[in-house]
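A.B. asks: Sequential numbering of the sequence shown, starting at 8, is according to the numbering used here.
Backbone N, C-alpha and C define an ideal beta-carbon position, used for all residues, glycine too.
Remember, it's a predicted structure, so these values are computed and weren't measured experimentally.
Take this structure, written in structure tokens, and hold onto it; I'll ask about it next.
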Amino acid sequence: MTTTAGTLLADAQAGRVGGHPDPAPAPSPDPAAFRAAMGRMPTGVTLLTHGSGDDTIIMTLNSLISVSLDPLLLLVSVKSDGRMRPRVRRGGGFAVNVLGAEQLPFAQEFCRPDRPEGQAAMLRVGAVEGVSGHAVIPSAEASFECELHDEHEAGDHVLLLGRVVALHQHPDTTDPLLFHRGRYAGLSPLEPAPAGDDRLTPRGRAA
Ligand SMILES: Cc1cc2nc3c(=O)[nH]c(=O)nc-3n(C[C@H](O)[C@H](O)[C@H](O)COP(=O)(O)O)c2cc1C
Numbered sequence: 008m009t010t011t012a013g014t015l016l017a018d019a020q021a022g023r024v025g026g027h028p029d030p031a032p033a034p035s036p037d038p039a040a041f042r043a044a045m046g047r048m049p050t051g052v053t054l055l056t057h058g059s060g061d062d063t064i065i066m067t068l069n070s071l072i073s074v075s076l077d078p079l080l081l082l083v084s085v086k087s088d089g090r091m092r093p094r095v096r097r098g099g100g101f102a103v104n105v106l107g108a109e110q111l112p113f114a115q116e117f118c119r120p121d122r123p124e125g126q127a128a129m130l131r132v133g134a135v136e137g138v139s140g141h142a143v144i145p146s147a148e149a150s151f152e153c154e155l156h157d158e159h160e161a162g163d164h165v166l167l168l169g170r171v172v173a174l175h176q177h178p179d180t181t182d183p184l185l186f187h188r189g190r191y192a193g194l195s196p197l198e199p200a201p202a203g204d205d206r207l208t209p210r211g212r213a214a
């Protein structure tokens with residue numbers, strides 16, 4: 008083997024050929040590595056609500072996915088030993104409110120164990136009772152009111168499939184609130200807004 012071939016082989020083994028970085032070595036994954044790797048995928052941030060008035064419980068959640076158009080189904084993943092799960096099971100539904108960047112303080116507050124509940128929680132986020140009986144936040148980007156369609160145990164979480172019975176979209180559009188690598192972030196668009204889309208203004212100010 009010539010020196011050049013030997014060098015190439017060594018480079019190939021080290022993953023340096025073609026300018027590709029050497030992928031990080033893969034130790035057997037543990038929860039911290041899993042969480043860190045999943046954190047590379049940015050998500051939106053929502054407030055999951057159950058009940059209204061004195062019965063309200065609200066929780067920061069980013070595990071929202073759209074599942075089906077016929078029927079309209081979405082899915083959220085909620086930790087099994089948390090406060091939300093037994094309430095949803097008992098009451099049979101929930102609402103999901105998609106937050107804008109200006110609602111960062113809500114996300115920070117409603118992941119805490121000492122977060123407000125009941126009327127105080129409704130007041131804090133300016134929520135109203137939706138048609139489903141669950142708290143809806145009119146200042147949110149979008150809200151989905153759901154009946155519980157199905158649930159599946161999944162490790163230390165439970166997957167709640169919600170059938171969407173009502174949805175609301177804010178008439179204006181603001182920057183979404185994002186979560187990436189364990190931190191909240193905003194959006195830096197990579198493309199200009201489509202022509203005529205002049206709605207990207209801070210919530211509450213005229214477009
Ligand atoms: C950005 C963000 C996203 C979260 N997403 C979820 C989620 O999808 N599911 C979940 O069970 N908890 C999620 N949490 C944690 C909950 O907000 C909350 O801390 C926890 O479930 C509280 O449990 P408790 O009801 O027992 O107090 C998230 C927290 C943050 C900060």
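For residue 52, write down the residues that DSSP places opposite it in a beta bridge.
C.D. replies: Bridge partners of residue 52: none, in fact.
A.B. asks: Could you tell me which of 142, 158 and 197 sits nearest to residue 87, measuring between CA atoms?
C.D. replies: Looking at the Cα atoms, 158 is the closest of the given residues.
A.B. asks: Among 186, 100 and 109, which one has its Cα closest to the Cα of residue 57?
C.D. replies: 100
A.B. asks: Helix, strand or coil: which one does DSSP assign to residue 173?
C.D. replies: For residue 173, the three-state secondary structure derived from DSSP is strand.
A.B. asks: For my contact list, residue 187 and residue 49 are in at a C-beta cut-off of 8 Å; report their separation, rounded to the angstrom.
C.D. replies: Contact flag correct, Cβ pair sits at about 4 Å.
A.B. asks: Determine the direct distance from the alpha carbon of residue 98 to that of residue 140, and round the result to whole angstroms.
C.D. replies: 10 Å
A.B. asks: Answer yes or no: the CB of residue 67 versus the heavy atoms of ligand 2, is any distance below 7 Å?
C.D. replies: Ligand 2 is not part of the structure shown, which contains ligand 1 as its ligands.
A.B. asks: Taking only three categories from DSSP, how would you classify residue 136?
C.D. replies: strand
A.B. asks: Measuring CA to CA, which of 154, 131 and 192 is closest to residue 146?
C.D. replies: 131
A.B. asks: In chain order, which alpha helix (DSSP H) runs of at least 4 residues are fully inside the segment 88 to 152?
C.D. replies: 91 to 98, 111 to 116 and 125 to 132
A.B. asks: Does the Cβ of residue 138 have 16 or more other Cβ atoms within 10 Å, making it buried, or fewer, making it exposed?
C.D. replies: By the neighbour-count rule (16 or more Cβ atoms within 10 Å), residue 138 is not buried but exposed.
A.B. asks: According to the neighbour-count rule (16 or more other Cβ atoms, all chains shown, within 10 Å of its Cβ), is residue 91 buried or exposed?
C.D. replies: buried
A.B. asks: Should the segment 117 to 136 be regarded as contacting the segment 58 to 78, the criterion being three or more beta carbon pairs within less than 8 Å?
C.D. replies: yes
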